[in-house]
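Each protein sequence line maps, in turn, to chains A and B.
Residues in the first sequence are numbered from 0 upward in steps of one, following numbering that gives the first Met the number 0.
Residues in the second sequence are numbered from 0 upward in steps of one, following numbering that gives the first Met the number 0.
Beneath this line is the structure, given in structure tokens, with notes to follow.
Protein chains: 2
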Amino acid sequence: MKIKDIAINDVEGFKSIGIDAKLRKGDRENLALIYAKDGAIASGVFTQNVIKAAPVVYNMKNIDNESIKAIVINSGNANACTGEIGYQNTETIAQNIAKYLNIDSEEVLVNSTGVIGVQLPMDKILNGIEKICTEIQTHTDKHSVARAIMTTDTHPKEIGVEIEIDGEIVKIAGIAKGSGMIHPNMATMLGFIVTDVNITKEMLDKAFKPTIDKSFNMISVDGDTSTNDTCIILSSKKAKNKIIDKEDEDFNKFKEALEYVNTELAKMIAADGEGATKLLEANVINYKNEKEAKILAKSIITSNLTKAAFFGADANWGRVVCAMGYSGVQFTPKHLDLYFKSEKGEIKVFENGLPIVFDEDKAKEILLEKEVKIIADFKTGEYSATAWGCDLTYDYVKINGSYRT
Amino acid sequence: MKIKDIAINDVEGFKSIGIDAKLRKGDRENLALIYAKDGAIASGVFTQNVIKAAPVVYNMKNIDNESIKAIVINSGNANACTGEIGYQNTETIAQNIAKYLNIDSEEVLVNSTGVIGVQLPMDKILNGIEKICTEIQTHTDKHSVARAIMTTDTHPKEIGVEIEIDGEIVKIAGIAKGSGMIHPNMATMLGFIVTDVNITKEMLDKAFKPTIDKSFNMISVDGDTSTNDTCIILSSKKAKNKIIDKEDEDFNKFKEALEYVNTELAKMIAADGEGATKLLEANVINYKNEKEAKILAKSIITSNLTKAAFFGADANWGRVVCAMGYSGVQFTPKHLDLYFKSEKGEIKVFENGLPIVFDEDKAKEILLEKEVKIIADFKTGEYSATAWGCDLTYDYVKINGSYRT
């Protein structure tokens, strides 16, 4: 697998664009379109919040349609808690995209992210749609789509990889946005992945959904699961590999690359959590089963107290142990070792269930880095799990104390 | 029921004291003793964290002993994650209290709160124990005990009530401490209630435990459940009422007063959450069952996004709706109305599942108060639940970014 500067536009069968349709303050792009002229198969994972935004309800109905040709995304407004009118607006968006691209409205998926409970500014959006459907034909900035889906993100999130399957080049490119309301089980995150791999719809589903559980569902910024979380993959099937129609070696190769793409996007979201100054990675290792290892890892990176301690570069391992303790998993800490690790080195702070004396200055040096790992070694099994989060900072409070007004 | 300036010392059969045993920085009291010379029956509720501090394990073993005569509490150190030595230290504390008070060590309950993972400074504690057991005989400051159990609390938490049962005066007095790691199911909170009601041990348990579920278990500061949470009630049985030995009218009267005491203490803890500027109360009303109403209410006051919005006095009802949406409870928002309320009035912001236009200035005025209610009226049943929390502020981050060092 090669990590390359591959954007959506570089994957055969796809075009993309982001434009400024005046949907947000500032002059950044805020309306995005991904276009698969010859159609694509799709797979999607959606929020588990019972309050689902209108576009989520719409997409859940359409994700398994035989052909998807367009994904439209607006930022600035989530179209959530907007009732019948909100749903009609989503349909109107799909119909207008279909009209201007000369495709069927059932081939369109619609996504919104931003403020909850306000109706979409449909005049601006419809003007934007006309413009975006025209401009996509000639647009050349392949990074504008990633910028257009941002809300409080501080930078766009993109990744691309190239793999060889059946002797043929296969590309995968993805974009994502965070950055508040990020919590396991689809937080306020949008992720869009495109690939040209030749694969059946059934195998695309089989490859995509488990990788979400190990990537986007293992991050947390603040424990809040949003109304709009969505991750969608499209495949144009234009690569020349023999079609993947079973769980063979080619399938595994594709799935592995896809997991890498999703994980990197997920980590970018965690690191760019609202107000975050650092990426936290919790590794629970040598545990007796994977399910509980995941719960333990998530509990660490969801703990406000732990997150605030890491903001202060405070080697407060007690909060890490405590967070695992209240996770709901029944374990004995008898064999538990705990390490903190970063580019500055690794330090053991807890051994066989007990604190040990460690060099506080060294610990501080390690924790001051931008990426910090918390390793909990249970020494009681062979399963492991990883979760990602960020520190809790003054800026998180600032951003969220005045988001709406 | 009369709310009175009744402290532990005013309840027949009890004495209390707090002294400075140099267990914390500053010159506030940090070692506390509650003493029931003629013995008391006890009931207790303890943390559900699998990592239980040594004194919690010790108390769980001793809470049902026939007679309890002393509760000792130190602040500054939680004696959690301290292994065998930590447990032995707890036993040593109990033995020394027993020695100096000339009672049995099994009549002593031990509590610790503060930093995790550091062994207790036993020399200071044992000196303090000798002193406190002597001074309690003549000590007159009835509020020192409430001050001594504080950690990051900004003020002591005390309440007392007087009721009439069977024509006789019965008193209940309680103290508590917060204020980080506060989350439903016994967070880092300690609560000690004493009463002189004449009651059987069985009925004391029956009265006490359900009131915890409606009070201390319905508050959250930060979603972190600590290793040390404890709430204990002692009854000296010295009041002259006919003994309560069944769930009759007298029982209900006592239970109601006890629930009031616990709820007021719980609210004090929530309002004094680390860094908090205001008390948030979530009322879920007219719901179809109590269990889910509780989950919904808790989810609101646990949401970081909601908490940060209220810090900014932002009428962001979307986050309230969203927090209920991801609570795990399956509901339809079709009939849901939402109100914000404080001493400045009440405002409806959401009606029958949809946002409504409201006066933003009025909403701001309401939300700027020190106590704000969030009322979610489901209009689909007759059950309700209340939970309490606080806003998420810069100071929470500050306190917890540098607690240990």
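No residue lacks a Cβ here, since even glycine has one placed at the ideal position from N, Cα and C.
Remember, it's a predicted structure, so these values are computed and weren't measured experimentally.
Burial is judged here by how many other beta carbons sit within 10 angstroms of a residue's own beta carbon; G85(B) has at least 16 and is buried. For the set K254(B), G311(B), Y286(B), the Cα lying nearest the Cα of E161(B) is the one of K254(B).
Using a Cβ-Cβ cut-off of 7 Å, P332(A) is close to I50 of chain B, given in chain order. Here DSSP, grouped into helix, strand and coil, assigns Y286(A) to strand. Setting aside the 5 residues that flank it on each side, E345(A) is surrounded in the same chain by Y338, each with a C-beta closer than 6 Å to its C-beta; the list follows chain order. As summarised for the segment 94-130 of chain B, the continuous beta strand (DSSP E) elements at least 3 residues long and confined to that stretch are 107-114, given in chain order. In this model, A79(B) and N58(B) are separated by some 14 Å (Cα to Cα).
In the three-state DSSP reduction, D244(A) falls in the coil class, being neither helix nor strand.
In the DSSP assignment, A52(B) falls outside any alpha helix (DSSP H), carrying neither H nor E.
Taking every protein chain shown into account, the CB of G400(A) has 16 or more other CB atoms within 10 angstroms, so this residue is buried. For F310(B), the nearest beta carbon of chain A is closer than 8 Å to its own beta carbon.
Of V320(A), I16(A), K293(A), E291(A), the smallest CA-CA separation from L304(A) is found for V320(A). With 16 or more other CB atoms across the displayed protein chains lying within 10 angstroms of its CB, T194(B) is buried. Put simply, the backbone Cα of A269(A) is about 15 Å away from that of N282(A). With contacts defined as CB atoms closer than 8 Å, L108(A) and I70(A) qualify as a contacting pair. A check of alpha carbon separations from E289(B) across Y382(B), E28(B), I174(B), A93(B) identifies Y382(B) as the nearest. Under the three-state reduction of DSSP output, F253(A) falls in the helix class. Here I2(A) is exposed: its Cβ has fewer than 16 other Cβ atoms, across all protein chains shown, within 10 Å. Here K277(B) is actually not in contact with L391(B); their C-beta atoms are around 11 Å apart, not less than 8 Å. Of the candidates V56(A), G116(A), I7(A), G116(A) places its Cα closest to the Cα of P354(B). F339(B) has I346(B), I373(B) as its beta-bridge partners, per DSSP. Residue burial annotation: G166(A) is exposed, with fewer than 16 other C-beta atoms found within 10 angstroms of its C-beta.
In the three-state reduction of the DSSP assignment, V44(B) falls in the strand class, which pools E and B. By the 16-neighbour rule on beta-carbons within 10 angstroms, L279(A) is buried. Under DSSP, N73(B) shares a beta bridge with L30(B), S111(B). Counting the other Cβ atoms within 10 Å of the Cβ of E201(B) gives fewer than 16, which makes it exposed. Going by C-alpha positions, S341(B) is about 21 Å away from A292(B). DSSP places F191(A) inside the beta strand (DSSP E), whose first and last residues are 189-194.
Pairwise C-beta distances place the segment 27-34 of chain A in contact with the segment 4-18 of chain A, as three or more of them are shorter than 8 Å.
Going by DSSP, C230(A) is part of the beta strand (DSSP E) stretching over 229-234. In this structure, D9(A) sits near K170(A), with a CB-CB distance shorter than 8 Å.
Just so you know, the alpha carbons of A362(A) and A322(A) end up roughly 20 Å apart.
The residue among A296(A), N216(A), K239(A), N251(A) with its C-alpha nearest the C-alpha of K205(A) is N251(A). Inter-segment contact for the segment 141-154 of chain A and the segment 227-234 of chain A is absent: fewer than three beta-carbon pairs are separated by less than 8 Å.
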